[in-house]
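Novice: A single structure is presented below for examination.
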Amino acid sequence: MEASRSPTSSTAASPFDKADADVIVRTSDMVDFHVFMVILRFASRFFEDMFSLPQPVHPEDHCEQSSRVPIIPVTEDSATLDCLLRLCYPIPDPVIGDAAQMGAALEAAMKYQMEQATNLLKQQFGQITAASPVRAYAVACLFNLEHEARLAARATVSIQCIQYDAEMDKIPAGAFHRLLEYRRIGGPTDDRDFCRPIRANPAIPPSIDELRSFEGWQSHPDRGVSGETAPSPRALLSPSQSVNLPPADMIVLSSDAVQFHVHRTLLTYSSPVFADLIGETTATLQLDATSQDIPTVALEERSDNLSRLLLCCYFSGDPELGDFQVAIDILKSATKYKLARAMQAAKRRVMDHLDMDPVRVYFAASQYGWEEEAQVAARHAIYEREDSYCPEMEEVSAAKYHRLLVYRQKCIDIIRGRWGYLSLSIQPYEWGNRGRISNNQQSFSHFFQGHRIKTPEQPRSTALIAIPVIQRYTGNMDGIITESMTFYDAVQEDIAQIVF
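This is the structure in structure tokens:
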């Protein structure tokens, strides 16, 4: 703490500007609130405990120089602290109309264990929930207020079609999905979390076979696999690639204590981040003229992922990336290390799942800024029955999910509008709980399930009107095919005009 007042700090408005105050609370935006310890003691168990602790040996290090008043820095901004302190002082309570400010104040009140302020804010938050439950839900999730999020979600169940609120842009798509899923099942359930993501299954340790990729790899004794041998990197390369490859001159150590004997030149060429790490390590060893150690770089990745990353430095083919989650893990690590070849390999593996899981591909593409791939995935996701949760939802804004829902609704509206083209006597199912965010549990896509054709360009791809046309052309296969494809082409042409 500086010994004197920062030149950029200012004094808060009355009543937090008293010269006889005995403590200063300094906010993140450098506003000083001159308050009284006795009030903070009574209002907050947090501050009561703080003030009961022994004072520092050199109190001037934490005091305003002119008066030796102690300064307490906090992470809240001045608007939040002003609201909070007014609830603690013997003055009229503030009326907070803004949901975001309310959420910030409530989060701070709970953090500082201000029981009375917390109760008052919860009462006011309940009023916002009644007036605008979607906004209240967004704010509650933003500030990790689980109880308030649950109450807000429950308040939306009675609303047939909720309206998206701009505050939702600030929370992850996963929280938005949890709200929609809660509405789909009709709530309420008391054991459902809204602010926190669904817990993933614990990672399964890699098998021995997955580690046999680099010469001289060694394991921590606790793994019980020491003494195993593995092919050298040279054995993994084609003859033309392995010619003149020198012995390994560096060790890369994984987070689970597996050593990979590698070639620093290849790693330096493949990744600028690797180049910097290797340069720092080499420079340190050069300072010690007596050191005979091989340079070692320790990384945060587990050995199974690290082996795949390092293989991308050695040859042009893609390593075996397994399922979608493995590809995502490699993509995350490759992005961190700016390992272009691994990034491209992981991206190709992610896009391989376009047919199987277009919604998850969409969120992965959105997370990494693949705009073109996100649009392709969105088109493939038009006919999905429902959107299953995926971890990538936690990495992008709810705005990305809303964008997908709006696009999907526009496409479905086109399909339903084109239905009149055939003058059919039956209508598709009402499209429900995603696009217009209603509670209807039926989905328009029920009509299309199981009536698909395969083309390289279109999602999955779907023969849109197979069943109803058969009703009109019983026994006339040529007529069925002609009219089906005419309708299908018309729909695809219309969908292509939609701006994603």
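Numbering-wise (UniProt numbering), the sequence shown opens with residue 1 and increments by one. Note that the Cβ used here is the ideal one computed from N, Cα and C, for glycine as well.
(1) Using CA atoms only, rank isn't needed, just tell me which of 144, 83, 261 is closest to residue 107.
(2) Figure out for me which residue from 368, 183, 172 has the closest Cα to the Cα of residue 402.
(3) Looking at the secondary structure, which residues open and close the alpha helix (DSSP H) in which residue 335 lies?
(4) Rounded C-beta distance between residue 303 and residue 361? I'm assuming under 8 Å.
(5) From what residue to what residue does the alpha helix (DSSP H) around residue 32 run?
(6) Do you know how far the Cα of residue 81 is from the Cα of residue 51?
(7) Out of 121, 484, 398, 85, which has the shortest C-alpha to C-alpha gap to residue 39?
(8) Identify every residue that forms a DSSP beta bridge with residue 71.
(9) Does residue 260 come out as helix, strand or coil in the three-state DSSP assignment?
(10) Rounding to the nearest angstrom, what Cα-Cα distance links residue 269 and residue 157 in this structure?
(11) With a CB to CB cut of under 8 Å and the five nearest residues on each side skipped, what residues in its chain are close to residue 69?
(12) Using C-beta distances below 6 Å, list every residue in its chain close to residue 78, excluding the 5 sequence neighbours before and after it, in chain order.
(13) If you draw a straight line from the alpha carbon of residue 318 to that of residue 175, how long is it in whole angstroms?
(14) Going by CA-CA distance only, name the one from 400, 485, 355 that's closest to residue 368.
(15) Between 122, 111, 116, which has its C-alpha nearest residue 96's C-alpha?
(16) When the Cα of residue 9 is compared with those of 71, 46, 48, 43, which residue comes out closest?
(17) Taking residue 281 as the reference, which of 252, 256, 301, 271 has the closest Cα?
(18) Around the C-beta of residue 152, are 16 or more other C-beta atoms found within 10 angstroms, so that it is buried, or is it exposed?
(19) Could you tell me the boundaries of the beta strand (DSSP E) in which residue 251 lies?
(20) Would you mind giving the Cβ-Cβ distance between residue 154 and residue 187, rounded to the nearest angstrom? I have them listed as a contact below 8 Å.
(21) My assumption, with CB atoms under 8 Å, is that residue 138 sits in contact with residue 167. Please give the rounded CB distance.
(22) Grab the span of the beta strand (DSSP E) containing residue 296 for me, first residue to last.
(23) Just the C-alpha distance for residue 345 and residue 358, rounded to the nearest angstrom, thanks.
(24) Can you tell me which of the three DSSP states residue 88 falls into?
(25) According to DSSP, is residue 397 part of a helix, a strand, or is it coil?
(26) Using beta-carbon positions only, say whether residue 14 and residue 169 come within less than 8 Å of one another.
(27) Need the endpoints of the alpha helix (DSSP H) that residue 101 sits in, please.
(28) On the criterion of 16 or more Cβ atoms from any shown chain inside 10 Å, does residue 207 qualify as buried, or is it exposed?
(29) Is residue 161 helix, strand or coil by DSSP?
(30) Please name the residue, chosen from 373, 395, 405, 375, that lies closest to residue 387 on a Cα-to-Cα basis.
Specialist: Per the coordinate set shown:
(1) Position 107 of the sequence shown holds residue 107. Checked all of 144, 83, 261; the closest Cα to residue 107 is 144.
(2) In the sequence shown, counting from the first residue as 1, residue 402 sits at position 402. Out of 368, 183, 172, 172 has the C-alpha closest to the C-alpha of residue 402.
(3) Taking the sequence shown and counting its residues from 1, one reaches residue 335 at position 335. Taken as a continuous stretch (DSSP letters only), the alpha helix (DSSP H) holding residue 335 covers 324 to 337.
(4) Against the sequence shown, residue 303 aligns to sequence position 303. Against the sequence shown, residue 361 aligns to sequence position 361. That pair is no contact at about 27 Å.
(5) As a working mapping, residue 32 is identified with position 32 in the sequence shown. Residue 32 -> not in any alpha helix (DSSP H); beta strand (DSSP E) instead, spanning 31 to 35.
(6) Numbered from 1 along the sequence shown, position 51 holds the residue referred to as residue 51. Numbered from 1 along the sequence shown, position 81 holds the residue referred to as residue 81. If I take the Cα positions, the gap works out to 19 Å.
(7) Start at 1 with the first residue of the sequence shown, and residue 39 comes out as number 39. If we check each option's Cα against that of residue 39, 85 comes out closest.
(8) The count along the sequence shown starts at 1 and reaches residue 71 at position 71. Note: residue 71 sits in a beta bridge opposite 24.
(9) As a working mapping, residue 260 is identified with position 260 in the sequence shown. Strand.
(10) By 1-based counting over the sequence shown, the position of residue 269 is 269. By 1-based counting over the sequence shown, the position of residue 157 is 157. C-alpha of residue 269 to C-alpha of residue 157: approximately 56 Å in a straight line.
(11) In the sequence shown, the residue the question calls residue 69 occupies position 69. Excluding positions up to five away in sequence, the list reads 21, 22, 23, 24, 34, 63.
(12) Working through the sequence shown from its first residue, we reach residue 78 at position 78. For residue 78, same chain residues with a beta-carbon under 6 Å away, outside a window of 5 residues either side, are 27, 29, 31 in chain order.
(13) The residue given as residue 318 occupies position 318 in the sequence shown. The residue given as residue 175 occupies position 175 in the sequence shown. Between the alpha carbons of residue 318 and residue 175 lies a gap of roughly 35 Å.
(14) For the purposes of this step, residue 368 is identified with residue 368 of the sequence shown, where counting begins at 1. Of 400, 485, 355, the smallest CA-CA separation from residue 368 is found for 400.
(15) Residue 96 sits at position 96 when you count from the first residue of the sequence shown. Just measuring C-alpha positions, the residue of 122, 111, 116 sitting nearest residue 96 is 122.
(16) Here residue 9 refers to the residue found at position 9 when the sequence shown is read from its first residue. Among 71, 46, 48, 43, the Cα nearest to that of residue 9 belongs to 71.
(17) Here residue 281 refers to the residue found at position 281 of the sequence shown. It is 252 whose Cα lies nearest to the Cα of residue 281.
(18) Taking the sequence shown and counting its residues from 1, the one referred to as residue 152 is at position 152. Counting C-beta atoms within 10 angstroms of its own C-beta, residue 152 has 16 or more neighbours from the protein chains shown and is therefore classed as buried.
(19) Within the sequence shown, residue 251 is the residue found at index 251, counting from 1. First-last of the beta strand (DSSP E) with residue 251: 250 to 253.
(20) If you number the sequence shown from 1, residue 154 lands on position 154. If you number the sequence shown from 1, residue 187 lands on position 187. That belief holds up - the Cβ atoms of residue 154 and residue 187 are roughly 6 Å apart, short of 8 Å.
(21) Within the sequence shown, the letter at position 138 stands for residue 138. Within the sequence shown, the letter at position 167 stands for residue 167. Yes, residue 138 and residue 167 are in contact; Cβ-Cβ is about 4 Å, under 8 Å.
(22) Position 296 of the sequence shown, counted from the first residue, corresponds to residue 296. Segment 296 to 298, the beta strand (DSSP E) holding residue 296.
(23) For this step, residue 345 is matched to residue 345 along the sequence shown. For this step, residue 358 is matched to residue 358 along the sequence shown. CA-to-CA, the gap between residue 345 and residue 358 works out to about 18 Å.
(24) Here residue 88 is taken as the residue at index 88 of the sequence shown, counted from 1. Residue 88: helix per DSSP, three-state reduction.
(25) By 1-based counting over the sequence shown, the position of residue 397 is 397. Strand, per DSSP.
(26) As a first step, residue 14 is located in the sequence shown; it is residue number 14 there, counting from the start. As a first step, residue 169 is located in the sequence shown; it is residue number 169 there, counting from the start. For residue 14 and residue 169, no; Cβs fall outside 8 Å.
(27) Against the sequence shown, residue 101 aligns to sequence position 101. Per DSSP, the unbroken alpha helix (DSSP H) holding residue 101 starts and ends at 99 to 111.
(28) What you label residue 207 is simply residue 207 of the sequence shown in a count that begins at 1. Note that residue 207 has pLDDT 37, beneath the 50 cutoff, so the model's placement of it is unreliable and the number below is only indicative. By the 10 Å Cβ count, residue 207 comes out exposed.
(29) The residue labelled residue 161 in the question sits at position 161 within the sequence shown. In the three-state reduction of the DSSP assignment, residue 161 falls in the strand class.
(30) To locate residue 387, count along the sequence shown from 1; it is residue 387. Looking from the CA of residue 387, the closest CA among 373, 395, 405, 375 belongs to 405.
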